[in-house]
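Note that numbering that gives the first Met the number 0 gives residue 175 to position 176 of the sequence shown, counting from 1, and the numbers run on in steps of one. Where is the CB? At the ideal position from N, CA and C, for every residue including glycine.
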Amino acid sequence: MNDQQLLRYSRHILLDALGVEGQQRILDSHALIIGAGGLGSPAALYLASAGIGKITLVDDDSVDFTNLQRQIMHNEARVGMAKAESGRLALAALNSEIEVVPLIRRLAGAELSRLVASADLVLDCTDNFATRHAINRACVHHRKPLVSGAAIRFDGQVSVYDLRRDDAPCYHCLFPEGEDVEEVRCAVMGVFAPLTGIVGSMQAAEGLKLAAGIGQTLNGRLLLLDALSMEWRTVKFRRDPECAVCAENSPVRSNDWQAADENAPGRACQL
Numbered sequence: 000m001n002d003q004q005l006l007r008y009s010r011h012i013l014l015d016a017l018g019v020e021g022q023q024r025i026l027d028s029h030a031l032i033i034g035a036g037g038l039g040s041p042a043a044l045y046l047a048s049a050g051i052g053k054i055t056l057v058d059d060d061s062v063d064f065t066n067l068q069r070q071i072m073h074n075e076a077r078v079g080m081a082k083a084e085s086g087r088l089a090l091a092a093l094n095s096e097i098e099v100v101p102l103i104r105r106l107a108g109a110e111l112s113r114l115v116a117s118a119d120l121v122l123d124c125t126d127n128f129a130t131r132h133a134i135n136r137a138c139v140h141h142r143k144p145l146v147s148g149a150a151i152r153f154d155g156q157v158s159v160y161d162l163r164r165d166d167a168p169c170y171h172c173l174f175p176e177g178e179d180v181e182e183v184r185c186a187v188m189g190v191f192a193p194l195t196g197i198v199g200s201m202q203a204a205e206g207l208k209l210a211a212g213i214g215q216t217l218n219g220r221l222l223l224l225d226a227l228s229m230e231w232r233t234v235k236f237r238r239d240p241e242c243a244v245c246a247e248n249s250p251v252r253s254n255d256w257q258a259a260d261e262n263a264p265g266r267a268c269q270l
């Protein structure tokens with residue numbers, strides 16, 4: 000770490016739990032952020048400001064005027080620009096020392112698997128179950144920690160699936176794929192602007208703790224927020240030993256597994 004970095008990150012370094020060693024681990028980390036919208040914006044901004052060494056930012060959508068109510072990484076001048084590229088410009092302006100790789104496409108199959116394998120942590124900032132489950136399968140296979148957030152109307156949630164741990168539950172344990180779950184989009188139902196900032200910032204906080212190797216994450220806990228009453232509650236959950244994704248005998252854990260469902264993931268983020 001050079002003198003400029005010691006100065007820039009001095010308020011982190013002053014934290015006993017983090018220090019120089021923790022900050023160096025952050026600088027050495029690679030975060031894969033899938034979704035550059037309402038959740039991905041604050042998550043990416045805080046990870047960049049904190050010095051995550053490399054951010055791969057994935058989104059196949061373009062900035063729309065209706066996004067500006069909550070997607071704080073974008074601005075009026077970049078309406079019509081690809082969100083991943085708009086995000087790259089915002090992050091580069093915030094911290095020119097980090098590497099930002101924008102990917103303007105939806106991830107699926109072998110490419111999703113490869114990118115998850117190359118990252119130290121994955122942030123799911125998407126808004127549809129097909130994509131979430133595809134990301135979860137790749138993280139289970141490669142044993143990568145996954146930070147997942149969601150926000151709709153006034154309701155938010157965030158959790159961590161630290162799949163490096165043998166006892167960690169995965170996303171499928173909590174939200175089994177194929178169950179009759181109503182999928183709602185903010186394009187139809189609306190979303191409270193600061194809610195996405197709260198949830199995305201919490202994803203960044205959990206991601207930084209994972210990168211630095213400090214504290215206790217939300218692994219095994221789902222944190223729920225009702226922003227209309229500003230009430231929090233926590234739901235604890237465990238790994239399902241019969242989980243079709245993370246059980247010991249699951250095909251997803253096998254060495255020859257490939258994320259072959261190329262068409263499963265939907266659009267990266269509409270939040």
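First and last residue of the uninterrupted beta strand (DSSP E) at residue i
| i | result |
| --- | --- |
| His140 | Run containing His140: none in the beta strand (DSSP E); it sits in the alpha helix (DSSP H), Phe128 to His141. |
| Gln215 | Careful: Gln215 lies outside any beta strand (DSSP E) and carries neither H nor E. |
| Asp225 | Arg220 to Asp225 |
| Ile12 | Ile12 -> not in any beta strand (DSSP E); alpha helix (DSSP H) instead, spanning Ser9 to Ile12. |
| Arg232 | Glu230 to Lys235 |
| Leu31 | His29 to Ile33 |
Which of helix, strand or coil DSSP assigns to residue i
| i | result |
| --- | --- |
| Val198 | helix |
| Cys268 | For Cys268, the predicted model reports a pLDDT of 42, less than 50, meaning its position is unreliable; a value from the coordinates is still stated below. In the structure shown, Cys268 sits in coil (DSSP, three-state: anything other than H, G, I, E or B). |
| Gly21 | helix |
| Gln70 | coil |
| Pro144 | strand |
| Val251 | helix |
| Asp2 | helix |
| Ser95 | coil |
| Glu241 | coil |
| Thr55 | strand |
| Lys114 | In the sequence on display, residue 114 carries Leu and not Lys. Correct three-state label for Leu114: helix. |
| Ala16 | coil |
Given residue i as reference, the closest of the options once Cα atoms are compared
| i | options | result |
| --- | --- | --- |
| Arg104 | Ala137, Asp123, Leu56 and Gln68 | Leu56 |
| Val234 | Ser158, Gly177 and Asn248 | Ser158 |
| Tyr45 | Thr65, Ile97 and Leu14 | Ile97 |
| Ser61 | Ala83, Leu122, Asn135 and Pro168 | Ala83 |
| Pro193 | Ala203, Pro101, Phe153 and Ala210 | Phe153 |
| Trp231 | Val198, Cys245, Gly177 and Pro240 | Val198 |
| Phe191 | His132, Gly108, Asp225 and Asn94 | Asp225 |
| Phe174 | His132, Asn66 and Asp27 | His132 |
| Leu223 | Gln156, Phe128 and Asp123 | Gln156 |
| Leu207 | Leu13, Asn1, Gln23 and Gly219 | Gln23 |
CB of residue i within 9 Å of CB of residue j, strictly
| i | j | result |
| --- | --- | --- |
| Ala49 | His73 | no |
| Gln70 | Gly21 | no |
| Ile32 | Ala210 | no |
| Cys242 | His140 | no |
| Ser28 | Thr195 | no |
| Cys245 | Leu145 | no |
Heavy atom of the ligand ZN within 8 Å of residue i beta-carbon
| i | result |
| --- | --- |
| Asp59 | The ligand ZN is absent from the structure shown, which contains no ligands of any kind. |
Assumed close pair residue i, residue j - CB separation to whole angstroms, cut-off 8 Å
| i | j | result |
| --- | --- | --- |
| Ala167 | Arg238 | 6 Å |
| Val99 | Ile134 | 20 Å between Cβ atoms; not a contact. |
| Gly34 | Asp58 | 6 Å |
Residue i, enclosing alpha helix (DSSP H) - first and last residue
| i | result |
| --- | --- |
| Glu98 | Per DSSP, Glu98 belongs to no alpha helix (DSSP H); it is in the beta strand (DSSP E), Glu98 to Leu102. |
| Gly39 | Gly39 to Ala49 |
| Leu173 | Tyr170 to Leu173 |
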